[in-house]
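Comments concern the structure below.
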Amino acid sequence: ILNVEQSPQSLHVQEGDSTNFTCSFPSSNFYALHWYRWETAKSPEALFVMTLNGDEKKKGRISATLNTKEGYSYLYIKGSQPEDSATYLCAFIKAGTASKLTFGTGTRLQVTL
Amino acid sequence: GAVVSQHPSWVICKSGTSVKIECRSLDFQATTMFWYRQFPKQSLMLMATSNEGSKATYEQGVEKDKFLINHASLTLSTLTVTSAHPEDSSFYICSAIRDRVQPQHFGDGTRLSIL
């Protein structure tokens, strides 16, 4: 059983605050790490696909880093807005498993005015 | 817009009923589709991997006779929960991929309640 953990479980920030969450995963047999945003009543939306150690990806105010040697990834949101409120999921793909995702339990972010 | 459509969104039915859930990729041919289940306050758990024209690969602990998966075309996969019972009540969601290096595209999910 692959252990993918996310912290914190939930987070409540004010509009304009910057925040970050952690995803930890097995450091061996790494193939890829995905980040998804899941808003209530919608389908999960892909944010990033990360494959290389040291990768840093950015999409608007959201960015992510990857450390495959120690088995963690950080997701950063700069200047949080209410529309950023969602559950953020990371998912690990083990090498040789044909794209099978093992999800963390997610970080639930609430951004208030 | 949505690239994967999942129907129905909600199902409420009596114990013993079989329920079929459809997952369609709307604007691409999906080499592989996945079916997940989510229990309350838990993460998405992969149930099975579905490839067009071949038998689905089920994860350990998932009963293949209970959860029948058919992937008849490159744009459609179905999950049938056979003779559903209250313990099958859950949230089921599908995803599809074009190729291995791309992220998965998810449907909106199906909330199944068995009375």
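Each protein sequence line maps, in turn, to chains A and B.
The first sequence runs contiguously to residue 113 in our numbering.
The second sequence runs contiguously to residue 1115 in our numbering.
Ideal Cβ placement from N, Cα and C applies to all residues, glycine included.
Predicted model, so just to flag it, every value in this text is computed and none were measured.
CB contact check: residue i to chain B, cutoff 8 Å
i, result
"Lys-100 of chain A", "yes"
"Ser-43 of chain A", "yes"
"Gly-16 of chain A", "no"
"His-12 of chain A", "no"
"Ala-95 of chain A", "no"
"Thr-65 of chain A", "no"
"Lys-79 of chain A", "In the sequence on display, residue 79 of chain A carries Gly and not Lys. No, because no Cβ of chain B sits closer than 8 Å to the Cβ of Gly-79 of chain A."
"Thr-105 of chain A", "yes"
"Val-49 of chain A", "yes"
"Ala-86 of chain A", "no"
Helix, strand or coil at residue i according to DSSP, with G and I counted as helix
i, result
"Glu-1116 of chain B", "Missing from the structure shown is residue 1116 of chain B; chain B here goes from 1001 to 1115 and no further."
"Glu-70 of chain A", "coil"
"Glu-56 of chain A", "strand"
"Glu-1052 of chain B", "coil"
"Ala-1002 of chain B", "For Ala-1002 of chain B, the predicted structure reports a pLDDT of 49, less than 50, and the residue's modelled location is therefore unreliable. The matter cannot be settled from this model."
"Glu-1087 of chain B", "helix"
"Glu-83 of chain A", "helix"
"Leu-101 of chain A", "coil"
"Phe-1106 of chain B", "strand"
"Glu-45 of chain A", "strand"
"Ile-11 of chain A", "Here residue 11 of chain A is Leu; the residue named in the question, Ile, does not match the sequence. Strand."
"Ala-25 of chain A", "Going by the sequence as given, residue 25 of chain A is Phe instead of Ala. Coil at Phe-25 of chain A, not helix or strand."
"Glu-5 of chain A", "strand"
"Lys-1066 of chain B", "coil"
"Lys-94 of chain A", "strand"
"Ser-1009 of chain B", "coil"
Proximity test, Cβ basis, 8 Å: residue i and chain A
i, result
"Asp-1108 of chain B", "yes"
"Arg-1100 of chain B", "yes"
"Ile-1116 of chain B", "The displayed coordinates of chain B run from 1001 to 1115. Any statement about residue 1116 of chain B would go beyond what the structure contains."
"Pro-1040 of chain B", "no"
"Leu-1046 of chain B", "yes"
"Gln-1029 of chain B", "no"
"Ile-1021 of chain B", "no"
"Ile-1097 of chain B", "yes"
"Pro-1103 of chain B", "yes"
"Ser-1043 of chain B", "yes"
"Thr-1049 of chain B", "yes"
"Thr-1032 of chain B", "yes"
Cβ separation of residue i and residue j, assumed to be a contact under 8 Å, to the nearest whole Å
i, j, result
"Lys-57 of chain A", "Met-50 of chain A", "6 Å"
"Val-1081 of chain B", "Ser-1015 of chain B", "Not confirmed; about 11 Å, so no contact."
"Gln-1006 of chain B", "Cys-1094 of chain B", "5 Å"
"Ser-1083 of chain B", "Ser-1113 of chain B", "With a Cβ gap of about 16 Å, Ser-1083 of chain B and Ser-1113 of chain B do not count as contacting."
"Leu-66 of chain A", "Asp-55 of chain A", "4 Å"
Alpha-carbon to alpha-carbon, residue j and residue i
i, j, result
"Phe-1106 of chain B", "Phe-1091 of chain B", "13 Å"
"Lys-1055 of chain B", "Thr-1078 of chain B", "12 Å"
"Val-1062 of chain B", "Ile-1069 of chain B", "12 Å"
"Leu-2 of chain A", "Leu-75 of chain A", "21 Å"
"Phe-103 of chain A", "Leu-113 of chain A", "30 Å"
"Tyr-31 of chain A", "Ile-62 of chain A", "22 Å"
"Trp-1010 of chain B", "Ser-80 of chain A", "32 Å"
Distance cut-off 7 Å: residue i Cβ against heavy atoms of the ligand HEM
i, result
"Lys-58 of chain A", "Looking at this structure, you won't find the ligand HEM or any other ligand, since it has none at all."
Mind the definition here: the segment 1027-1034 of chain B touches the segment 38-53 of chain A only if three or more C-beta pairs lie below 8 Å; say whether that holds.
no
Touching by the beta-carbon criterion (3+ pairs, under 8 Å), the segment 1075-1089 of chain B and the segment 7-22 of chain A
no
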